[in-house]
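**Q**
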Amino acid sequence: MATIDSYSQNQLTTTPSLTTRLHAWVASVDHKQIGIMYLLMSLFFMILGGLEAFLIRIQLWSPNSELIGPETFNQLFTMHGTTMIFFVLMPMLSGFANFLVPLMIGARDVAFPRLNALGFWLSFFGGCLLYFTYFGAQGLYGAENAPDVGWFAYAPLTSPAYARGNATDYWILGTMLTGAGTIAFGVNLLATIFTMRAPGMLLTKMPLFVYIFMMDAVLIIIAFPPLTAAQVMLLLDRYAGAHFFDPQTGGSAVLWQHLFWFFGHPEVYILALPAFAITSEVIPVFSRKVIFGYVSMAAATAAIAFISLGVWVHHMFTVGLSDVVDTLFAASTFLIAIPTGIKIFNWTATLYGGRIRLKTPMLFALGFLSMFLIGGLTGIMLAVVPFDWQVSDSYFLIAHFHYVLFGGSLFSLLAGFYYWYPKMTGRMMSERIGILQFLCTFVGFNLLFFPMHISGLLGMPRRIYTYTEPSWVLWNQLSTIGAAVMGIGFLFFFYNLIRSLRHGEPAGDDPWDAWTLEWTVPSPPPAYNFEKTPTVRSRRPLWDLKHPDDPDWEHE
Amino acid sequence: MSQKTARWWPGNLALFLVIILSPGISAAENADQAPTLQSIEQDRNTLMLEPESPPARTIAEVFYLILGIVAVIFLLVFVPLLWMLFRFRMRKEDEGIEPPQIYGSNPIELAWTIGPAIIVFVLFLVTARSIFEIEAAVPPHDAVHVRVIGHQWWWEYEYPDYGFITANELHAPLGKDGSPRPVYLDLESADVIHSFWVPQLAGKTDVIPGRINHLWFAAEKPGWYKGQCAEYCGTQHAHMWLRVKSESDQDFAEWVANEQRDAVADPAVAVGRNLFLENACANCHTIRGTSAQGKFAPDLTHLMGRKTIASGILPNTRDYLLRWVRNPQTLKVGCHMPDMKLTQREVEKIVDYLVTLQ
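Chains as they are written, first to last, in numbering that gives the first Met the number 0: chain P, 0 to 555; chain G, 0 to 357.
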């Protein structure tokens with residue numbers, strides 16, 4: 000008896016060795032640990048992708064600059080785009096979904112925990128494989144050591160004649176692996192939401208976060224397999240003498256664009272919906288009001304998901320398809336503005352009459368709201384086909400989609416970090432550093448991307464490693480300054496993340512006085528999440544608990 | 000621990016920088032000097048909002064309309080948003096009191112569904128009208144037809160009605176007042192996808208292998224219009240410039256008549272001519288009237304009729320021609336013309352010959 004006691008005593012007092020702790024993470028099938036690993040992965044790749052972007056901006060500081068050179072520049076923007084889409088935003092949203100969805104629906108884990116781990120490791124090693132190109136792709140004379148085909152890799156630039164060596168193969172295989180991991184994640188998420196909700200949580204009683212992620216999973220399952228198929232076709236073209244995309248032997252260069260954008264456009268919404276999901280939690284909690292128009296928010300989400308499957312040709316208005324095709328896809332693109340508008344109006348209406356607390360999560364959510372508004376409005380402009388003929392593939396387009404993916408998705412995901420960091424670690428992030436970060440990021444972001452609208456209107460095409468036109472200089476220099484300011488903002492962010500791990504204030508179970516189930520469990524939550532499966536009657540179970548006199552379910 | 004982390008990171012970032020920059024640094028060392036281009040006389044800018052051709056004008060008008068609409072929408076959302084942040088901010092006395100919960104309102108939500116629906120319907124009509132206005136233009140009988148072939152990284156122009164081929168500088172007649180002579184382009188590609196974009200003349204249209212696309216414009220003022228390839232097409236995508244010269248009908252007719260002639264054969268430069276024909280130059284370049292019939296590179300029959308070389312990025316002077324023939328890779332890294340390893344004397348003789356190709 001005594002020996003057992005001293006043994007367990009020993010176990011409690013000494014911290015396990017580093018390898019033991021690492022092993023606990025690497026071998027984990029716990030949705031919370033996998034979620035955090037997804038987030039760490041995305042932060043790691045964010046450093047790489049951000050540095051690439053910063054080098055691009057340094058090269059474009061002055062006209063006729065030969066600092067970086069065309070080959071390296073072309074690799075930089077290819078790697079930057081691929082990294083930010085596939086290895087930063089995707090794992091970041093997967094991380095939040097993994098950590099939060101089971102907690103929000105009162106489940107102890109996801110439906111398929113081991114598939115979950117497989118999905119993460121596929122995504123992670125996909126990213127490693129992509130970056131291994133810098134070490135592994137050299138060897139053939141004239142071949143590049145990193146892919147330089149652009150993140151949408153238009154055929155026939157990817158054929159062996161124009162993309163020699165193996166760098167393009169690293170791009171194909173890296174993104175294909177992470178795509179497989181993402182499909183596993185989507186299937187798992189959907190199964191979890193469909194089958195593991197707490198008693199009483201009907202599909203119509205889920206928090207909007209869960210509802211929107213459900214739609215996101217549907218989009219992932221529909222959109223990613225076509226990309227994987229196209230990439231297999233491309234590999235067959237490159238290695239087995241197939242001619243899917245080779246126009247000189249009867250293949251079609253335009254076919255790749257159809258297949259890619261049939262994935263690529265829903266992908267934009269796969270990245271945008273999580274931003275909607277986070278905003279739909281943060282804005283109500285920090286306005287102290289229930290979300291305005293839950294049903295129309297849910298319906299708008301479903302409409303966006305559905306319509307986004309039918310707008311891909313708006314990436315191809317300059318391809319010279321028929322006028323009728325262009326007109327119809329312009330119509331479907333305009334159509335998507337209506338549900339998106341509903342969302343923006345409903346979030347704004349949620350603020351009306353509230354008690355707005357401008358804490359860091361709220362600042363980033365409001366940053367999302369205003370920046371996404373600009374990105375959405377320039378999106379409407381781009382749907383006007385003849386205007387698209389002018390500004391497509393110009394810096395105006397770069398400005399537009401950074402307002403959507405950075406000002407939109409990433410701002411909201413940063414709100415997510417500040418909002419759920421206490422739940423994940425048990426400690427609050429520093430409010431003071433957070434506000435500094437917000438100021439730097441918000442100012443830097445606008446300084447970086449707003450001038451791009453103007454350089455685009457001045458005729459500057461994207462993806463050029465250098466330029467001569469004197470009228471573009473000022474706008475490019477403003478952008479570069481903005482990039483530096485934003486870089487400082489991200490230094491604050493990383494410092495805050497690391498510092499708060501030890502020095503943050505203890506968070507307690509429910510630091511924000513919020514309303515969804517994850518705030519009922521300790522921070523960080525125990526491995527089993529809930530001691531007892533909760534029962535819910537409304538979309539805000541904690542509101543019901545805190546206000547027994549006026550519970551939500553009487554109004555829903 | 001935290002100090003250790005801080006020291007560890009910069010080291011790795013520096014390593015990363017070195018790894019990805021190393022090819023660029025070596026390329027920069029190889030490059031002679033940054034290519035520069037004195038502004039060519041009468042060069043116009045690339046601002047699409049100063050259109051000089053009907054398609055570009057239609058687009059500029061549409062731009063101002065939609066910019067107005069989205070600006071109004073932006074203000075309608077953003078100003079109330081800011082006002083609410085101020086008006087409904089948490090005050091000390093509100094601590095612990097929850098505001099009234101409003102779950103939604105069908106009439107309001109219906110209103111902001113129908114309102115935007117009407118706006119986008121109007122925008123759709125504008126879009127459809129302008130698409131068909133630009134695309135449905137029928138070529139008049141005196142229109143000029145040009146076959147444009149995009150190459151990595153230069154442009155080939157064939158004038159089928161006049162029976163000659165030239166490169167990199169497109170000439171277009173102005174027409175008379177009130178009846179401009181539009182230029183109709185058939186766009187084809189010899190290798191990868193490019194995009195033809197001269198902002199002051201028309202929107203861009205992609206140049207896709209295995210496909211013939213169409214584009215038209217009618218320049219209304221004389222001068223050099225500028226643009227560049229707008230679809231990423233490989234290493235020197237940045238240096239695939241477009242120059243369109245709009246000139247009077249008479250100047251155009253003179254230019255055509257000169258282009259139609261075979262190259263002059265000046266006996267004074269026979270040495271350079273023979274060097275050109277005996278070396279691999281003739282495999283890629285055509286000089287009409289000689290045995291040089293290569294199709295891979297720009298037609299040089301009337302090289303000196305052009306203001307620029309290397310797809311518009313360098314002035315066409317003897318000095319730049321010397322540097323270009325000596326080693327084009329120092330001026331345009333990665334271009335498909337190799338360093339021919341010619342001696343300085345051979346280079347000078349060849350350039351002596353080239354400058355006679357008026």
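Ideal Cβ placement from N, Cα and C applies to all residues, glycine included.
#1: Which value, in whole angstroms, describes the spacing of the CA atoms of residue 148(G) and residue 155(G)?
#2: Alpha carbon to alpha carbon, how far is residue 400(P) from residue 213(G)? Give it in angstroms, no decimals.
#3: Considering only DSSP beta bridges, list what residue 557(P) is partnered with.
#4: Short of 6 Å in beta carbon distance, which residues of its chain neighbour residue 31(G), apart from the five on each side in sequence? Order them along the chain.
#5: Quick one, which residues of the stretch 131 to 160 of chain G are near chain P if we go by CB-CB under 7 Å, in chain order?
#6: Which same chain residues end up closer than 8 Å to residue 388(P) when comparing Cβ atoms and leaving out the 5 residues on each side of it in sequence?
#7: Within 10 angstroms of the Cβ of residue 544(P), are there 16 or more other Cβ atoms? Answer buried if so, exposed if not.
#8: State the DSSP-derived secondary structure class of residue 146(G), mapped to helix, strand or coil.
#9: Please give me, in chain order, every unbroken run of the beta strand (DSSP E) with length at least 3 that falls completely inside the stretch 236 to 299 of chain G.
#10: For the beta strand (DSSP E) containing residue 527(P), name the first residue and the last one.
#11: What residues from chain P crowd round residue 57(G), counting only those whose CB sits closer than 7 Å?
#12: Helix, strand or coil: which one does DSSP assign to residue 180(G)?
#13: Kindly say whether residue 22(G), judged by its beta-carbon, lies nearer than 9 Å to any beta-carbon of chain P.
#14: Name, in chain order, the residues that DSSP records as bridge partners for residue 111(P).
#15: For chain G, find out if any of its Cβ atoms is closer than 9 Å to the Cβ of residue 276(P); answer yes or no.
#16: For residue 26(G), which residues in the same chain have their Cβ closer than 7 Å to its Cβ, ignoring the five residues on either side in sequence?
#17: Please state whether the Cβ-Cβ distance between residue 283(P) and residue 215(P) is less than 9 Å.
#18: In whole angstroms, give me the CA-to-CA distance for residue 337(G) and residue 445(P).
#19: Pick out whichever of 499(P), 403(P), 391(P), 425(P) has its Cα sitting closest to the Cα of residue 432(P).
#20: Assign residue 495(P) to buried or exposed, taking buried as 16 or more other Cβ atoms, counted over all protein chains shown, within 10 Å of its Cβ.
#21: Among all the DSSP beta bridges, which residues are the ones paired with residue 128(P)?
#22: Would you verify that the beta carbon of residue 112(P) is, or is not, closer than 9 Å to some beta carbon of chain G?
#23: In angstroms with no decimal places, state the Cα-to-Cα distance between residue 306(G) and residue 80(P).
#24: Tell me the DSSP secondary structure of residue 206(G) in three-state form.
#25: Are residue 371(P) and residue 403(P) touching if we call contact CB-CB under 9 Å?
#26: Would you say residue 107(G) reaches chain P, if we count a Cβ-Cβ gap shorter than 9 Å as a contact?
#27: Quick check: is the beta carbon of residue 476(P) nearer than 9 Å to any beta carbon in chain G?
#28: Which residue from 132(G), 317(G), 190(G), 176(G) puts its Cα closest to that of residue 201(G)?
#29: Beta carbon of residue 320(G), beta carbon of residue 308(G): below 9 Å?
#30: Between the alpha carbons of residue 560(P) and residue 223(G), how many angstroms are there, rounded?
#31: Cβ closer than 9 Å: which chain G residues qualify as neighbours of residue 565(P)?
#32: In terms of DSSP beta bridges, what is residue 174(G) paired with?
#33: Give the straight-line distance between the Cα atoms of residue 152(P) and residue 252(P), rounded to the nearest whole angstrom.
#34: Run the proximity test for residue 150(P): is its beta-carbon closer than 8 Å to any non-hydrogen atom belonging to the ligand NAD?
#35: Less than 9 Å between the C-beta atoms of residue 110(P) and residue 174(P), yes or no?
#36: Quick one: residues in its chain with C-beta nearer than 7 Å to the C-beta of residue 133(P), no 5 flanking neighbours on either side, listed in chain order?
**A** In short:
#1: Going from the Cα of residue 148(G) to the Cα of residue 155(G) covers about 5 Å.
#2: Take the alpha-carbon of residue 213(G) and the one of residue 400(P): they are about 28 Å apart.
#3: Given a span of 0 to 555 for chain P in the structure shown, any question on residue 557(P) remains unanswerable.
#4: With a pLDDT of 43 at residue 31(G), under the threshold of 50, the predicted position of this residue should be treated as unreliable, though the coordinate-derived value follows. If we look at residue 31(G) and ignore the five residues flanking it on each side, its Cβ neighbours are 329.
#5: Here the close residues are 131, 133, 134.
#6: Within the same chain, residue 388(P) has close Cβ partners 316, 317.
#7: The residue in question, residue 544(P), is exposed, as its Cβ has fewer than 16 Cβ neighbours within 10 Å.
#8: Residue state, collapsed to three classes: strand.
#9: Counting only runs that start and end inside the stretch 236 to 299 of chain G, the beta strand (DSSP E) elements of at least 3 residues fall at 240 to 246.
#10: Premise fails: residue 527(P) is in no beta strand (DSSP E) and is neither H nor E.
#11: Those within 7 Å of residue 57(G) in chain P are 385.
#12: In this structure, residue 180(G) counts as coil in the three-state DSSP scheme.
#13: Annotation note: pLDDT 43 at residue 22(G) (below 50); position unreliable, no value reported.
#14: Looking at the DSSP assignment, residue 111(P) forms no beta bridge with any residue, so it has no partner.
#15: Not closer than 9 Å to any Cβ of chain G, the Cβ of residue 276(P) fails to qualify, so no.
#16: Unreliable placement is indicated for residue 26(G), whose pLDDT of 43 sits below 50; the coordinate value is still reported in the next sentence. Annotation for residue 26(G): 332 place their beta carbon closer than 7 Å to its own, counting only its chain and skipping 5 residues before and after.
#17: In this structure, residue 283(P) sits away from residue 215(P), with a CB-CB distance that is not shorter than 9 Å.
#18: Linking residue 337(G) to residue 445(P) through their CA atoms gives a straight-line distance of about 44 Å.
#19: Selected option, being the one with the closest Cα: 499(P).
#20: In summary, residue 495(P) is buried, with 16 or more beta-carbon neighbours lying within 10 Å of its beta-carbon over all protein chains present.
#21: Beta-bridge partners assigned by DSSP to residue 128(P): none are found.
#22: By the rule that beta-carbons nearer than 9 Å mark a contact, residue 112(P) does not touch chain G.
#23: In this structure, the CA atom of residue 306(G) is about 37 Å from the CA atom of residue 80(P).
#24: Residue state, collapsed to three classes: strand.
#25: The beta carbons of residue 371(P) and residue 403(P) sit closer together than 9 Å.
#26: True, the Cβ-Cβ gap to chain P drops below 9 Å.
#27: Chain G contact via Cβ: absent.
#28: The candidate whose alpha carbon is nearest that of residue 201(G) is 132(G).
#29: Pairing residue 320(G) with residue 308(G) gives a Cβ-Cβ distance under 9 Å.
#30: There is no way to answer for residue 560(P), as the model of chain P reaches only from 0 to 555.
#31: Nothing about residue 565(P) can be reported from this structure: the residues present for chain P run from 0 to 555 only.
#32: 179(G).
#33: Taking the straight line from one Cα to the other gives about 11 Å.
#34: Looking for the ligand NAD in the displayed structure turns up nothing, as the structure carries no ligands at all.
#35: In this structure, residue 110(P) keeps its C-beta atom at 9 Å or more from the C-beta atom of residue 174(P).
#36: 144, 145, listed in sequence order.
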